[in-house]
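Engineer: In order, the protein sequence lines correspond to chains A and B.
Counting in the numbering used here, the first sequence runs from 1 upward without gaps.
Counting in the numbering used here, the second sequence runs from 134 upward without gaps.
Mind having a look at this structure? Questions to follow.
There are 2 protein chains.
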Amino acid sequence: MKLLTKKTDYAIRILAVLTKNKNRFLSAREISSLQNIPYQFIRQILRILLQHNFVVSKEGGKGGFKLNVDPKNISVSDVIQYFQGNIMLSKCMFRKQLCHNRSTCILKKEINRIEELVEKEFARISIAKLTKT
Amino acid sequence: MKLLTKKTDYAIRILAVLTKNKNRFLSAREISSLQNIPYQFIRQILRILLQHNFVVSKEGGKGGFKLNVDPKNISVSDVIQYFQGNIMLSKCMFRKQLCHNRSTCILKKEINRIEELVEKEFARISIAKLTKT
DNA sequence: CTAACTGCTACTAAAATAGTATCAGTTAGG
DNA sequence: CCTAACTGATACTATTTTAGTAGCAGTTAG
Numbered sequence: 001m002k003l004l005t006k007k008t009d010y011a012i013r014i015l016a017v018l019t020k021n022k023n024r025f026l027s028a029r030e031i032s033s034l035q036n037i038p039y040q041f042i043r044q045i046l047r048i049l050l051q052h053n054f055v056v057s058k059e060g061g062k063g064g065f066k067l068n069v070d071p072k073n074i075s076v077s078d079v080i081q082y083f084q085g086n087i088m089l090s091k092c093m094f095r096k097q098l099c100h101n102r103s104t105c106i107l108k109k110e111i112n113r114i115e116e117l118v119e120k121e122f123a124r125i126s127i128a129k130l131t132k133t
Numbered sequence: 134m135k136l137l138t139k140k141t142d143y144a145i146r147i148l149a150v151l152t153k154n155k156n157r158f159l160s161a162r163e164i165s166s167l168q169n170i171p172y173q174f175i176r177q178i179l180r181i182l183l184q185h186n187f188v189v190s191k192e193g194g195k196g197g198f199k200l201n202v203d204p205k206n207i208s209v210s211d212v213i214q215y216f217q218g219n220i221m222l223s224k225c226m227f228r229k230q231l232c233h234n235r236s237t238c239i240l241k242k243e244i245n246r247i248e249e250l251v252e253k254e255f256a257r258i259s260i261a262k263l264t265k266t
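Dropping the structure here:
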């Protein structure tokens with residue numbers, strides 16, 4: 001049961017670090033060494049965070065990344081969305097062949113219910129909450 | 134977010150079929166065609182179910198597998214245990230390097246909490262419940 | 001005796017995750 | 001106006017996990 005991949009985990013940690021340094025640009029290199037995340041990997045993650053406007057960037061010397069949203073308004077499930085795809089993806093792939101099989105359908109229903117539960121729980125955890133001392 | 138692997142999913146479906154045929158031995162071949170599960174794959178899964186005494190087997194012609202427990206007493210999380218390993222495995226792998234980083238620890242704590250929640254939910258779903266018409 | 005079974009071991013294939021390399025373009029600061 | 005320190009973007013490779021296969025030895029009903 002791996003709820004979060006490393007990418008997601010790193011992304012959250014990056015956002016947490018940026019939250020603690022709201023007012024300046026942190027370079028990929030800097031965050032990488034602060035959090036022990038491989039440099040090239042962090043660059044990839046930062047680009048995704050950038051694309052989804054979680055952060056803004058500044059190019060050139062002394063450039064880097066800065067938070068672009070209120071950490072109260074980013075939840076772990078928002079991050080999951082972009083790094084692991086939609087949290088709710090099991091749409092009864094067995095429908096055609098197997099819905100005559102009642103137990104399969106019930107299982108899918110239960111899984112969906114639990115996935116929703118997980119999603120809600122992650123939605124309640126904001127980056128702000130994680131960085132609160 | 135994939136809560137169940139195919140192996141687990143199949144295992145549950147196998148147990149459900151066996152529940153519906155409590156009083157006779159079903160061969161791997163039979164279950165395979167009933168549930169559209171690849172034959173060799175199902176054999177693997179059945180062997181694991183056997184090793185953990187979920188089922189008993191009979192060798193030779195007309196042999197096969199039969200449920201060995203009360204389906205009320207098998208939960209989805211029991212099955213997960215054997216096919217996906219312990220549901221609760223994230224033991225703060227970052228402890229050494231990162232627990233000075235408060236946010237990481239809080240995240241781990243939250244993940245653990247959610248994993249526990251998932252485990253409890255799956256524990257409440259028995260095979261009997263899944264096969265109830 | 002043999003076809004239909006299971007027991008067991010050891011594979012291969014495919015997909016997802018994790019991590020790397022590299023080049024082009026930007027900019028602060030000497 | 002050069003250059004070192006940056007980001008933008010693309011395209012890889014490596015590792016791990018999941019999914020599925022092959023095949024032989026031994027058992028048993030008929």
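For each residue, glycine too, the CB sits at the ideal point set by N, CA and C.
All figures in this text were calculated on a predicted structure; none of them were measured in a lab.
1. Would you please verify whether the beta carbon of residue 59 of chain A is less than 7 Å from any beta carbon of chain B?
2. What residues are listed by DSSP as bridge partners for residue 126 of chain A?
3. Using only the alpha-carbon positions, how far apart do residue 216 of chain B and residue 180 of chain B sit?
4. Residues of chain A with a CB under 7 Å from the CB of residue 188 of chain B: which are they?
5. For residue 95 of chain A and chain B, any beta-carbon pair shorter than 7 Å?
6. Rank B:262, B:240, B:208 and B:203 by C-alpha distance to the C-alpha of residue 252 of chain B and give the top, closest one.
7. Starting from residue 200 of chain B and walking both ways along the beta strand (DSSP E), at which residues does that stretch end?
8. Less than 7 Å between the C-beta atoms of residue 65 of chain A and residue 55 of chain A, yes or no?
9. Within the 7 Å Cβ cut-off, does residue 240 of chain B reach chain A?
10. Which residue wins for smallest C-alpha separation from residue 37 of chain A, given the options A:52, A:13 and A:20?
11. Check the Cβ of residue 79 of chain A against every Cβ in chain B and list those closer than 9 Å, keeping chain order.
12. For residue 116 of chain A and chain B, any beta-carbon pair shorter than 7 Å?
13. Counting only runs of 4+ residues fully inside the region 139–192 of chain B, write out the alpha helix (DSSP H) ranges in chain order.
14. Using a C-beta to C-beta distance shorter than 7 Å, which residues of chain B count as neighbours of residue 110 of chain A?
15. If we call anything under 7 Å between Cβ atoms a contact, is residue 144 of chain B one with residue 175 of chain B?
16. Taking 7 Å as the CB-CB limit, is residue 254 of chain B close to chain A?
17. Look at the Cβ atom of residue 16 of chain A, then the Cβ atom of residue 72 of chain A, and state whether they are nearer than 7 Å.
18. Given that residue 164 of chain B touches chain A, what residues does it touch there, using C-beta distances under 7 Å?
19. Starting from the beta carbon of residue 151 of chain B, find every residue of chain A whose beta carbon is closer than 7 Å, and list them in chain order.
20. Measure the alpha-carbon distance for residue 229 of chain B versus residue 63 of chain A and round it to whole angstroms.
21. Does the beta carbon of residue 49 of chain A sit closer than 7 Å to a beta carbon anywhere in chain B?
22. List, in order along the chain, the chain A residues whose C-beta lies closer than 7 Å to that of residue 137 of chain B?
23. Report the three-state DSSP secondary structure of residue 107 of chain A (helix, strand or coil).
24. So, is residue 166 of chain B buried or exposed, given that buried needs 16 or more other C-beta atoms within 10 angstroms?
25. Rounded to the nearest angstrom, what separates residue 186 of chain B and residue 20 of chain A at their Cα positions?
Structural biologist: So, from the listed chains and residues:
1. In the first sequence, the residue the question calls residue 59 of chain A occupies position 59. By the rule that beta-carbons nearer than 7 Å mark a contact, residue 59 of chain A does not touch chain B.
2. The residue you call residue 126 of chain A lines up with position 126 of the first sequence. Residue 126 of chain A pairs with A:75.
3. The residue you call residue 216 of chain B lines up with position 83 of the second sequence. The residue you call residue 180 of chain B lines up with position 47 of the second sequence. Taking the straight line joining both Cα atoms gives about 12 Å.
4. Start at 1 with the first residue of the second sequence, and residue 188 of chain B comes out as number 55. Correct list: empty, because the minimum Cβ distance to chain A is about 16 Å.
5. Looking up residue 95 of chain A in the first sequence gives position 95. Because residue 95 of chain A sits at a pLDDT of 42, beneath the cut-off of 50, its placement in the model cannot be relied upon, and the following sentence gives the value as read from the coordinates. No, no contact with chain B.
6. Translated into positions along the second sequence, residue 252 of chain B becomes position 119. Checked all of B:262, B:240, B:208 and B:203; the closest Cα to residue 252 of chain B is B:208.
7. Here residue 200 of chain B is taken as the residue at index 67 of the second sequence, counted from 1. From DSSP, the beta strand (DSSP E) with residue 200 of chain B extends over 197–200.
8. One-based indexing of the first sequence puts residue 65 of chain A at position 65. One-based indexing of the first sequence puts residue 55 of chain A at position 55. A contact, by the Cβ cut-off of 7 Å.
9. For the purposes of this step, residue 240 of chain B is identified with residue 107 of the second sequence, where counting begins at 1. Chain A contact via Cβ: present.
10. Position 37 of the first sequence, counted from the first residue, corresponds to residue 37 of chain A. Taking only the C-alpha atoms, the option nearest residue 37 of chain A is A:13.
11. Reading the first sequence from its first residue, position 79 is the one you call residue 79 of chain A. Neighbours of residue 79 of chain A on chain B: none; closest Cβ ~11 Å, over 9 Å.
12. In the first sequence, counting from the first residue as 1, residue 116 of chain A sits at position 116. By this cut-off, residue 116 of chain A is not an interface position.
13. 139–153, 161–168 and 172–184
14. By one-based count along the first sequence, residue 110 of chain A stands at place 110. For a Cβ distance threshold of 7 Å, residue set 258 of chain B lies close to residue 110 of chain A, ordered along the chain.
15. Working through the second sequence from its first residue, we reach residue 144 of chain B at position 11. Working through the second sequence from its first residue, we reach residue 175 of chain B at position 42. Cβ distance not < 7 Å, so residue 144 of chain B and residue 175 of chain B don't count as in contact.
16. Along the second sequence, read from residue 1 onward, the residue named residue 254 of chain B stands at position 121. At least one chain A Cβ lies under 7 Å of residue 254 of chain B.
17. To locate residue 16 of chain A, count along the first sequence from 1; it is residue 16. To locate residue 72 of chain A, count along the first sequence from 1; it is residue 72. Taking 7 Å as the Cβ cut-off, residue 16 of chain A and residue 72 of chain A do not qualify as a contacting pair.
18. In the second sequence, counting from the first residue as 1, residue 164 of chain B sits at position 31. What residue 164 of chain B touches in chain A: nothing, since even the nearest Cβ is about 12 Å away.
19. Here residue 151 of chain B refers to the residue found at position 18 when the second sequence is read from its first residue. Going along chain A, no residue has its Cβ under 7 Å from residue 151 of chain B, so there is no contact; the nearest lies around 11 Å.
20. As a first step, residue 229 of chain B must be located in the second sequence, where it is residue number 96. As a first step, residue 63 of chain A must be located in the first sequence, where it is residue number 63. Because the pLDDT at residue 229 of chain B is just 43, under 50, the model does not fix this residue reliably, and the value given afterwards should be weighed accordingly. One C-alpha to the other measures close to 31 Å.
21. Against the first sequence, residue 49 of chain A aligns to sequence position 49. Residue 49 of chain A does not count as touching chain B.
22. The count along the second sequence starts at 1 and reaches residue 137 of chain B at position 4. Going along chain A in sequence order, the residues near residue 137 of chain B (Cβ under 7 Å) are 111.
23. Within the first sequence, the letter at position 107 stands for residue 107 of chain A. Note: residue 107 of chain A maps to helix in three-state DSSP.
24. Within the second sequence, the letter at position 33 stands for residue 166 of chain B. Per the 10 Å Cβ criterion, exposed.
25. By 1-based counting over the second sequence, the position of residue 186 of chain B is 53. By 1-based counting over the first sequence, the position of residue 20 of chain A is 20. Each residue's alpha carbon lies about 53 Å from the other.
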